[in-house]
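Enquirer: The following block contains the structure, expressed as structure tokens.
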Amino acid sequence: FINYWMVDVPDVITGWNIQLYDIPYICKRLNCVLGEKLMKRMSPWGLVTEGEVYISGRKHTSFEVGGVTLLDYLDLYKKFTYKAQESYRLDYIAEVELGQKKLDHSEFDTFKDFYTQGWQKFIEYNIVDVELVDRLEDKMKLIELALTMAYDAKVNYGDVFSQVRMWDTIIYNYLKKRNIVIPPKERSAKDEKYEGAYVKEPIPGIYDWVVSFDLNSLYPHLIMQYNISPETLVDERHPSVNVDKILNKDITFEMYKDYAVCANGAMYRKDMRGFLPELMEKIYNERVIFKKKMLAAEQEYEKKKTKELEKEISRCNNIQMARKIQLNSAYGAIGNQYFRYYKLANAEAITLSGQVSIQWIMNKMNSYLNKILKTGDFDYVIASDTDSLYINMGPLVKNVFAGREKTTEGIVSFLDKVCQVEFEKYIESSYQELANYVNAYDQKMFMKRECIAERGIWTAKKRYILSVWDSEGVRYEDPKLKIKGIEAIKSSTPAPCRKMLKDSFNIMMSGSEDAMINYIEECREKFRSLPPEQIAFPRSASDVRKYHSSSDIYIKGTPIHVRGALLFNHYVKQKNLTNKYSLIANGEKIKFVYLKKPNIIQENIISFIQDFPKELGLDKYIDYELQFEKSFIEPLKAILDVIGWSVEKTVNLESFFA
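Heads up, the sequence shown is in our numbering, so the first residue is 188 and it goes up one at a time.
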């Protein structure tokens with residue numbers, strides 16, 4: 188192995204969880220069998236250092252191989268896919284992304300039995316693991332993305348995981364070209380808090396014809412608009428400005444016309460452009476290019492579904508999302524006390540000016556729609572969140588299509604045209620008015636129509652479902668659900684229930700209450716036939732050691748899933764099953780199920796890692812009804828209550844005598 192490795196030492200190595208398993212195992216094994224000198228030949232420089240890392244409170248041994256970058260595909264997946272999964276085991280992720288699982292070896296009781304009694308299959312098992320990671324990269328291009336980002340920022344490959352480090356280097360190289368020396372790094376005390384983004388509280392309910400508008404990369408564009416940069420910030424602050432005063436135009440900025448004034452009172456020079464706004468514009472323009480390519484590929488994919496288009500969509504999406512993360516992480520770096528260019532006033536200026544931008548256009552759109560529909564003081568803005576608006580177009584559609592034939596295609600096309608021709612122009616002029624009022628360096632608030640939805644349901648802030656026909660100009664043959672904050676997309680909901688919930692949302696959008704009640708009963712029957720592993724609640728087990736009791740297994744106040752983990756560990760050890768089942772440690776991704784009482788352990792819960800431990804004799808006590816109630820009925824009922832539907836047929840006196 189060492190000879191093979193040394194012939195052509197790789198620049199980058201990858202695999203699934205290799206930082207915490209494969210590389211430490213290989214280095215320790217080489218050291219044990221061949222000695223330290225040969226082990227260090229893993230590095231072209233002869234430098235292999237052992238260290239410790241703490242992840243989720245657990246100490247792990249790690250090795251740094253000098254001259255070889257370790258890009259763990261597990262870390263890349265977590266960093267650049269922007270979605271939580273119920274498990275990050277390769278078996279689960281490969282099934283989600285590729286529709287393929289790892290090689291099954293359930294005929295062996297333990298992993299030791301597997302490699303001692305089934306050597307050939309054990310080899311094939313490892314080959315399949317490598318092929319799965321290779322296929323993930325073929326589809327998702329995450330290594331390609333990481334290398335592109337590293338070359339773009341001129342950092343080491345591994346530095347793509349640290350956005351602050353990346354921004355420090357990006358700024359250094361940018362200023363170096365202009366012969367500007369960067370300031371020394373100083374530690375700042377961050378003892379002052381500041382407000383975040385504005386989120387409007389929606390009125391829960393169901394709405395017909397909803398259109399959403401998004402501000403393009405809000406925080407980067409605020410930096411551009413107000414010329415926010417460390418060297419443009421002036422010492423003087425406006426004495427009385429705040430968000431409400433700007434929204435109501437209660438003050439004048441005439442005497443400060445040489446400065447762009449932000450909602451926190453911070454003021455920025457306009458006679459020179461800051462380096463941060465210049466960098467924001469450069470990266471944003473690059474993002475626009477790749478986003479256009481992605482949308483064009485998506486539109487083509489709707490007509491002709493091919494693997495090549497799938498890969499192109501994934502590649503362009505990754506790059507534009509990386510640029511988006513880069514842009515937004517600049518704001519995070521600005522508010523990070525460990526950043527070389529940290530100033531609290533700059534971070535606060537961004538968030539409060541963001542509050543102004545979204546509320547300004549909320550007020551303007553309400554005023555505009557009330558005027559054209561002659562409705563007085565009706566609130567057409569259903570919800571807003573940081574950089575987006577959701578507008579109730581139902582009254583407009585009803586007014587325009589009164590007495591006319593209504594088709595879904597016709598309404599979608601009408602709303603699309605109205606947004607382009609009327610609303611976006613009005614929004615642009617409204618933002619120009621704001622920029623003029625606050626003496627902005629430039630008008631950089633660009634708001635575009637995102638979704639046209641036939642129906643939308645809101646249950647609370649940041650919790651909604653939309654039935655979308657058009658997204659950013661991509662027209663769908665069938666409506667697609669856009670779901671945010673609802674249990675159906677949460678990784679803490681069992682996978683079969685997520686599927687059932689999504690299907691039930693389609694019934695809410697286009698079906699009837701009776702159809703929903705019938706579907707619930709179908710789901711109940713199907714749920715009862717599922718194995719424990721599929722109906723269990725996924726969770727992350729933190730603080731397992733903290734809640735452990737040597738006398739009573741767990742202490743009072745232990746969270747339910749951690750209690751289940753401690754019970755699992757106790758009974759697995761008691762029955763000498765540790766060769767088959769790994770004990771649950773801090774930070775482990777686990778599952779838990781409720782148990783009926785009385786049972787043989789006199790507890791109402793048990794957790795496990797991957798396979799339910801049938802040897803404990805608890806499978807017959809699993810409370811399927813309670814699991815179904817908590818994982819499906821409760822989250823579904825929270826939405827049905829909003830639209831006035833029931834989860835079961837109700838019997839009243841009239842129906843009784845009918």
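We put the CB at the ideal spot given by N, CA and C, even for glycine.
Note that the structure is a prediction, hence the values are computed from the model and not measured.
Counting only runs of 4+ residues fully inside the stretch 550-635, write out the alpha helix (DSSP H) ranges in chain order.
Expert: 581-587, 595-605, 611-624
Enquirer: Could you tell me which residues DSSP pairs with L803 in its beta bridges?
Expert: Within the DSSP bridge table, the entry for L803 names no partner.
Enquirer: Where are the beta strand (DSSP E) runs, 3 residues long or more, that stay fully inside the stretch 431-481, in chain order?
Expert: 446-448, 454-456
Enquirer: Can the beta-carbon of F714 be found less than 8 Å from the beta-carbon of Y811?
Expert: yes
Enquirer: Is D401 helix, strand or coil when you go by DSSP?
Expert: strand
Enquirer: Out of A723, K266, G383, A509, point me to the one whose CA is closest to E535's CA.
Expert: G383
Enquirer: If you pair each beta-carbon of the stretch 249-263 with each one of the stretch 339-358, do three or more pairs fall below 8 Å?
Expert: yes
Enquirer: Taking the alpha carbon of A675 as the point to measure from, which residue in P719, P822, Q206, K561 has its own alpha carbon closest?
Expert: P822
Enquirer: Any chance you could list the beta strand (DSSP E) runs of at least 3 consecutive residues sitting entirely within the stretch 478-502, in chain order?
Expert: none
Enquirer: Between which two residues does the alpha helix (DSSP H) containing Y811 stretch?
Expert: 811-815
Enquirer: Please name the residue in G774, K444, T594, F309 whose C-alpha comes closest to that of S274.
Expert: G774
Enquirer: Quick check: the Cα distance between I205 and D321, rounded to an integer number of angstroms?
Expert: Taking the Cα positions, I205 is about 14 Å away from D321.
Enquirer: Between the Cα of Y518 and the Cα atoms of L754, K733, H408, Y212, which residue gives the shortest distance?
Expert: H408
Enquirer: Can you give, in chain order, each stretch of the alpha helix (DSSP H) that sits fully within the stretch 755-791 and has at least 4 residues?
Expert: none
Enquirer: Would you list, in sequence order, the uninterrupted alpha helix (DSSP H) runs of no fewer than 4 residues that lie entirely inside the stretch 206-243?
Expert: 209-220, 223-226
Enquirer: So for V661, helix, strand or coil by DSSP?
Expert: When DSSP states are grouped into helix, strand and coil, V661 belongs to the strand group.
Enquirer: Identify the continuous alpha helix (DSSP H) that holds K266 and give its terminal residues.
Expert: 260-267
Enquirer: Please classify N414 as buried or exposed, where buried requires at least 16 neighbouring CB atoms within 10 angstroms.
Expert: buried
Enquirer: In chain order, what residues of the same chain have a beta carbon less than 7 Å from the beta carbon of I242, not counting five sequence neighbours either side?
Expert: Result list for I242: G774, in chain order.
Enquirer: Quick one: is W232 buried, meaning 16 or more other Cβ sit within 10 Å of its Cβ, or exposed?
Expert: Label assigned to W232: exposed.
Enquirer: In whole angstroms, give me the CA-to-CA distance for M226 and N218.
Expert: 5 Å
Enquirer: Cα-Cα, which of F610, V475, G238 is closest to L556?
Expert: F610
Enquirer: Any idea if D657 is buried or exposed, counting beta-carbon neighbours within 10 angstroms, 16 or more meaning buried?
Expert: buried
Enquirer: Kindly indicate which three-state DSSP category G698 falls into: helix, strand or coil?
Expert: coil
Enquirer: Let me make sure I understand the geometry here. Which of F601, F724, A622 has the alpha-carbon closest to that of P434?
Expert: The displayed chain sequence assigns Leu, not Pro, to residue 434. For L434, the closest C-alpha among the options F601, F724, A622 is that of A622.
Enquirer: Which two residues bound the contiguous alpha helix (DSSP H) that contains K246?
Expert: First-last for K246: 245-252, but that is the beta strand (DSSP E), not the alpha helix (DSSP H).
Enquirer: V475 to G660, Cα distance in whole Å?
Expert: Here the alpha carbons of G660 and V475 stand approximately 15 Å from one another.
Enquirer: Determine the direct distance from the alpha carbon of K604 to that of M634, and round the result to whole angstroms.
Expert: 15 Å
Enquirer: Quick check on the burial criterion: 16 or more other C-beta atoms within 10 angstroms. Buried or exposed for A589?
Expert: exposed
Enquirer: If I'm right that I280 touches Y269 with Cβ under 8 Å, what's the distance once you round it to whole angstroms?
Expert: The pair is not a contact, with the Cβ atoms about 14 Å apart (cut-off 8 Å).
Enquirer: Taking the Cβ atom as the reference point for each residue, do E223 and K648 lie within a distance shorter than 8 Å?
Expert: Taking 8 Å as the cut-off, the beta carbon of E223 is found no closer than this to the beta carbon of K648.
Enquirer: Could you spell out the range, first to last residue, of the beta strand (DSSP E) harbouring F185?
Expert: With the chain represented from 188 up to 845, any question about residue 185 goes unanswered, as that position is not in the structure.
Enquirer: Can you check whether the CB of A532 is closer than 8 Å to the CB of N451?
Expert: Closer than 8 Å, so yes.
Enquirer: Is I390 helix, strand or coil by DSSP?
Expert: Looking at I390 - three-state DSSP - the assignment turns out to be coil, as it is neither helix nor strand.
Enquirer: Roughly how far, in whole angstroms, is the beta-carbon of I771 from the beta-carbon of N786, given that I think they are within contact range, below 8 Å?
Expert: No, I771 and N786 are not in contact; Cβ-Cβ is about 20 Å, not under 8 Å.
Enquirer: Using the Cα positions of S617 and Q630, report the straight-line distance between them to the nearest angstrom.
Expert: 10 Å
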